[in-house]
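Line by line, the protein sequences give chains E and L.
Residue numbering for the first sequence follows this note's numbering, beginning at 1 and increasing consecutively.
Residue numbering for the second sequence follows this note's numbering, beginning at 1001 and increasing consecutively.
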Amino acid sequence: MFTSTMFASILPEILILVLAILILVVEPFWKEEKRRNVGWFTAGGLLAAMIVSLLFGQPGEPTTTLGGMVRFDWLGFFFKMLFMFAGAATALLFMDNEKIGHRGEAYLLLLASLLGMDLMASSADLVMLYLAIETTSIPLYILSGFMLADNKSTEAGFKYLLFGALASTIMLYGFSLVFGFTGTTSLYQLADMLQAGNLPLVTAFGVLALVLIGLGFKVSIVPFHFWAPDVYEGAPTPVSGFLSTASKAAGFSVLVRLFFVAFPNFAESWTLVLAVISAITMTVGNLLALQQTNIKRLLAYSSIAHAGYTMIGVVAFSKELAIRELGAASVVFYLAAYIATNMLAFGIVMAFSRVTGLEEIKDFSGMSRRNPWLALMMLAAFLSLAGMPPFGGFVAKVFVFAAGVQAGYVWLVVVGIINSIIGVYYYLNVLKVVYLYRMPNEDEGNHPVPLTRPYVIALAVLAIGVILIGTVFAPWFSWSDAAALTLF
Amino acid sequence: MNFPVLSVITFTPMVAALIILLMPAQRRNETRAVALASATFALILSIWVYFSYDQAAAGYQFVEKYNWLPALGISLHFGVDGMSAPLVLLTGVVMFTGVLISWGDEDPHVKAGIQDRPREFFAFLFLLAGGVFGVFVSLDLFMLFFFYEIAVFPMYLLIAIWGWVVTREYAAMKLTLYLFIGSVVSLVGALVMYWMQYKNTGILSFDMLVMENAGFSQAFQNLWFLPVFFGFAVLGGIWPFHNWSPDGHVAAPTAVSMFHAGVLMKLGAFAALRVGIMLLPQGAQTWSWLIMTFAGIAVVYGAYIAFVQTDMKYMIGFSSVSHMGLVMLGLSTLNPTGLTGAGVQMFSHGVMTALFFAVTGMIYDRAHTRMIPELGGMMKIMPFAGVGFIIGGLVSMGMPGFSGFVAEFPIFMGVWQKQWLVAVVASISIVITAAYIMMNIRKVFFAELPEKLEGHVGDITVLDKVAIVTLCILMISIGLFPGLMVPMVQTGVENILRLLGGA
Chain E
1 MFTSTMFASI LPEILILVLA ILILVVEPFW KEEKRRNVGW FTAGGLLAAM IVSLLFGQPG
61 EPTTTLGGMV RFDWLGFFFK MLFMFAGAAT ALLFMDNEKI GHRGEAYLLL LASLLGMDLM
121 ASSADLVMLY LAIETTSIPL YILSGFMLAD NKSTEAGFKY LLFGALASTI MLYGFSLVFG
181 FTGTTSLYQL ADMLQAGNLP LVTAFGVLAL VLIGLGFKVS IVPFHFWAPD VYEGAPTPVS
241 GFLSTASKAA GFSVLVRLFF VAFPNFAESW TLVLAVISAI TMTVGNLLAL QQTNIKRLLA
301 YSSIAHAGYT MIGVVAFSKE LAIRELGAAS VVFYLAAYIA TNMLAFGIVM AFSRVTGLEE
361 IKDFSGMSRR NPWLALMMLA AFLSLAGMPP FGGFVAKVFV FAAGVQAGYV WLVVVGIINS
421 IIGVYYYLNV LKVVYLYRMP NEDEGNHPVP LTRPYVIALA VLAIGVILIG TVFAPWFSWS
481 DAAALTLF
Chain L
1001 MNFPVLSVIT FTPMVAALII LLMPAQRRNE TRAVALASAT FALILSIWVY FSYDQAAAGY
1061 QFVEKYNWLP ALGISLHFGV DGMSAPLVLL TGVVMFTGVL ISWGDEDPHV KAGIQDRPRE
1121 FFAFLFLLAG GVFGVFVSLD LFMLFFFYEI AVFPMYLLIA IWGWVVTREY AAMKLTLYLF
1181 IGSVVSLVGA LVMYWMQYKN TGILSFDMLV MENAGFSQAF QNLWFLPVFF GFAVLGGIWP
1241 FHNWSPDGHV AAPTAVSMFH AGVLMKLGAF AALRVGIMLL PQGAQTWSWL IMTFAGIAVV
1301 YGAYIAFVQT DMKYMIGFSS VSHMGLVMLG LSTLNPTGLT GAGVQMFSHG VMTALFFAVT
1361 GMIYDRAHTR MIPELGGMMK IMPFAGVGFI IGGLVSMGMP GFSGFVAEFP IFMGVWQKQW
1421 LVAVVASISI VITAAYIMMN IRKVFFAELP EKLEGHVGDI TVLDKVAIVT LCILMISIGL
1481 FPGLMVPMVQ TGVENILRLL GGA
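Printed below as a string of structure tokens:
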């Protein structure tokens, strides 16, 4: 029987699929030079899908539907909305990139990947989870290598594919071991099996480590981060933006569900392992970001560092605390702020390099005179990444740190804070180039950086979002909190 | 419900910043006019707050409270007491005068004030001003941090973009990193306090009025007082974390120097007082000797280094370290006399330093040098600036009849009660201060005008004069009528003493 709950639980996915099919049908009828309008169509369609889902697809009591494959709860729903928002913004950013935006396949692949992400956020079963991860990844491999004539892009796509395939096989091996030991693939039954203690600790650790490798690759935590800088640099910029935000958040949505639901309170020592990984990830990401001269590589390393900050929230989870869901809620909040911020950062890089063709940090000299508004938005994005108010990054960081302190991981928070300081240094250095340095001939007036309409819309929405998350943070937090509560 | 004057004061500059950003870049004078209008508005409101503060009732007044995030106990809770009302007024004054002297002169020969991208300059400056107001009126720890950071980061851009070409990049980054490190160190302490409060009382709240009753244990206070207090005190310029401050002063454009020395350093001292001393009073008692030692060193060391400077801005920068050391010294006494002195000194030094930097900026804009040996004869060219500088100098030396005396005398009395030796050592600074101020006045204003400067150095503008007069009136009126400020600060001090447990 196909009930209405089942329908509602995958309503966003259904709508995305419909949209994808529509694009397939409509696209050939559009003339070559009008193909970029597929971007409007995709973005508008995704927004409509979001509205429809908000109206008809809101979850009630958490339930497991579709034969135990999909979990229908606020956590999944909140992430789905985030992904679709990021997808819509990415579609707009695609539009005026001649290499990808004028080809319908790009939008189709984007939607396919979104479909996978939505399922990742809500899967309740290892089999479903694996399928969702692959559905997400494969279109992204193609998108990364989309510019066939560009060696770097091809390299990026191929590298991403090789790393991704390896990580995913390892994770699959982990899943198969989990099934072998427990006899179930349902995340919600795993918890009971594991807590009964029928698994030796060493074995369990091994299995968890295998799973962590797969997810660690997706969220790019150290030491599974090596692909990120090369891929971000080589891939088309809007794809890098999408990879570093939505794809990373999807990884975290699984991480949160897996570690909070399937392996809760697994062992204090396991939490310690996560804490150490978090500390190393932040530090490595930030230290390497210091050296970068290419803005996309800088953002790549900074996104590794941000995975580390987010991990603090993952670490800060145990059941005997005042606000026990704060750890998970802070992760969700952090990701929401981070998606808007990093998307904005990549969007600006995209908008700038589309006109100038340059991506080195020093090429941003004089940008504040060439386009003051773009520079201001860059200011918002980078200060938000650095964790400064009134932008989203500040509140997000404070919540994550608060969760860390609550769980008693003061040392981890101190590491996080030292890292924020390093971060401030390199983010400000970029802003210095933007605001202080001049172009070689000081003739910025003759080199404007015009923005096309899709950029204006996408960037303005993202910038306002970054500020709203950072000032009126109560609703965002209540949603994150509601999402996190459904884990219990 | 009453008129929410404090939130209006806080958000006026921020809204103004937004409006200014939305104006076309080439409408330079309109930009300045909007800036001046909103600064005047904020000033009028802060004067109104100051004079309608009911000293008999004391306590926190003009209180506004809006729940911002009830789940975590974060609220937008504003209120001023006798300690913060003068600082709100100070911010209003410095903001107003800062806009006046940044207006400058479009004449290409003079090019005084801010001529490069005034739109962005005023927007960032006002964002900073909004943050400063916010810290002074916040009664919620989370919001205090929120505004504190807003007050810190525009500094980087203001110095790096409009600063002195030679050191601006270095100084801006140094300043930002110092201040950011300080604030995040305090933030860890604040988060630990927050959860400790929950453990003790079961209340989740960042509200400082609630946190006062959190019942932190002696050992906890001893441990966490240090990061919280010194994290903020970095911005207060306490020795040995003062190093960013003279560099920052020197590199900053004039209005930013005024803000920086006049208001931002008070921000550090004020936050250290409100969060460090008032929330962790027993920790403060344990460590007051350490603060007193550091502050004592700062007072003498700062004055001595100021004495040997040849660059006027460095001289004033180090004199700020010395005078802020006096504020810290007053705070460290934890007795009524010393705390009152510290409160008045924050205001007095803010006005005085703002005046010093304003005059120095006016001289530099016109003579294109700040080196004391290269200057001279300014009294003839810009008598207004000269008289202003002399009045500021008298305040700085602590002459009776000026606000400096009203502030410094109680500080030394308070320190004497606690530890007479420190008072004796610190009072050396008065002599050194007198020496360098006098020498500076003699050389820069009264010595013969060097040939190099003859002809092309002109007088200051009318707006500059208005700024100087405003600042001077404040210093003289408080010096002559201490009753304008001292009783008010005393009501704030009583509140602190209540937390310290009698005395």
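Just so it is clear, CB atoms sit at the ideal spot from N, CA and C, and this is done for glycine as well.
Quantities reported herein were computed from a predicted structural model and do not represent experimental measurements.
Count the other C-beta atoms from every protein chain shown that fall within 10 angstroms of the C-beta of Y130 of chain E, then say buried if there are 16 or more, exposed otherwise.
buried
Beta strand (DSSP E) containing I1074 of chain L: first to last residue?
1074-1080
Pull up the distance between the alpha-carbon of L11 of chain E and that of V231 of chain E, whole angstroms please.
32 Å
Measuring only between beta-carbons, confirm whether G1173 of chain L sits less than 8 Å from chain E.
The sequence as given places Met at residue 1173 of chain L; Gly does not occur at that position. Chain E, which has a Cβ nearer than 8 Å to the Cβ of M1173 of chain L, makes this yes.
I'd like the span of the alpha helix (DSSP H) that includes E1149 of chain L, first residue to last.
1141-1162
For Q199 of chain E, decide whether its Cβ has a neighbour in chain L, counting only Cβ atoms nearer than 8 Å.
A small fix is needed here, since residue 199 of chain E is Leu in this sequence, not Gln. With 8 Å as the cut-off, L199 of chain E does not count as an interface residue toward chain L.
Roughly how many whole angstroms lie between the Cα atoms of G1098 of chain L and G1059 of chain L?
31 Å
Please state if the CB of S1332 of chain L and the CB of G1302 of chain L are separated by a distance shorter than 8 Å.
no
Can you tell me whether Q1055 of chain L is buried or exposed, with buried defined as 16 or more other CB within 10 angstroms of its CB?
exposed
From L:M1208, L:M1143, L:V1192, residue whose alpha carbon lies closest to that of L1223 of chain L
L:V1192
Can you tell me where the alpha helix (DSSP H) holding W1068 of chain L begins and where it ends?
First-last for W1068 of chain L: 1061-1069, but that is the beta strand (DSSP E), not the alpha helix (DSSP H).
Please check if any C-beta of chain L sits within less than 8 Å of the C-beta of L166 of chain E.
no
Beta bridge counterpart(s) of D1207 of chain L as assigned by DSSP
L:D1140
Can you pull the chain E residues whose beta carbon is under 7 Å from the beta carbon of I1114 of chain L, in chain order?
Neighbours of I1114 of chain L on chain E: none; closest Cβ ~14 Å, over 7 Å.
Pull out every residue of the segment 422-437 of chain E whose Cβ sits closer than 9 Å to any Cβ of chain L, in chain order.
V424, Y425, L428, N429, L431, K432, Y435, L436
So is A474 of chain E in contact with chain L if we call contact Cβ pairs under 8 Å?
yes
Does any CB atom of chain L fall closer than 8 Å to the CB of S123 of chain E?
no
Less than 8 Å between C-beta atoms, sequence neighbours within five positions excluded: which residues of the same chain meet that for V1135 of chain L?
L1144, F1147, Y1148, A1151, L1267, F1270, A1271
State the Cα-Cα distance for the pair Q1419 of chain L and A1426 of chain L, rounded to the nearest angstrom.
11 Å
Give me the chain L residues within the contact set of M439 of chain E, using Cβ-Cβ distance strictly less than 8 Å, ordered along the chain.
Near M439 of chain E there are no residues of chain L at all, since even the closest Cβ is about 15 Å away, more than 8 Å.
At a CB-CB cut-off below 9 Å, which residues of chain L make contact with A402 of chain E?
L1072, L1191, Y1194, W1195
DSSP has V1008 of chain L in a bridge; who is on the other side?
In DSSP, V1008 of chain L forms no bridge with anything.
Is L212 of chain E near the ligand ATP, with its Cβ less than 7 Å from a heavy atom?
What this structure holds is no ligand at all, so the ligand ATP is not there to describe.
Checking contacts by CB at 8 Å: is L126 of chain E closer than that to chain L?
no
Y1364 of chain L, buried or exposed, once every other Cβ within 10 Å from all chains shown has been counted against 16:
buried
Within chain E, the residues that V1184 of chain L reaches when beta carbons sit closer than 8 Å
I417, S420, I421
Please list the terminal residues of the continuous beta strand (DSSP E) segment that includes F399 of chain E.
Premise fails: F399 of chain E lies in the alpha helix (DSSP H), 392-406, not in any beta strand (DSSP E).
Whole alpha helix (DSSP H) elements within the segment 20-71 of chain E, 4-residue minimum:
37-56
Taking buried to mean at least 16 other C-beta atoms within 10 Å of its own C-beta, is E1408 of chain L buried or exposed?
buried
Which same chain residues end up closer than 6 Å to N371 of chain E when comparing Cβ atoms and leaving out the 5 residues on each side of it in sequence?
V449
What does the Cβ neighbour count give for V1165 of chain L, buried or exposed, with the cut at 16 atoms within 10 Å?
exposed
Quick one: list the residues of chain E neighbouring T1176 of chain L, beta-carbon separation under 8 Å, in chain order.
V424, L428
With a 10 Å radius around its C-beta and 16 neighbouring C-beta atoms as the bar for buried, classify P390 of chain E as buried or exposed.
buried
DSSP on M378 of chain E, reduced to helix/strand/coil?
helix
Whole-angstrom C-beta distance between T245 of chain E and I339 of chain E, which should lie under 8 Å:
4 Å
Comparing the C-beta of F540 of chain E with each C-beta of chain L, is any distance below 8 Å?
No answer is possible for residue 540 of chain E: the residues shown for chain E start at 1 and end at 488.
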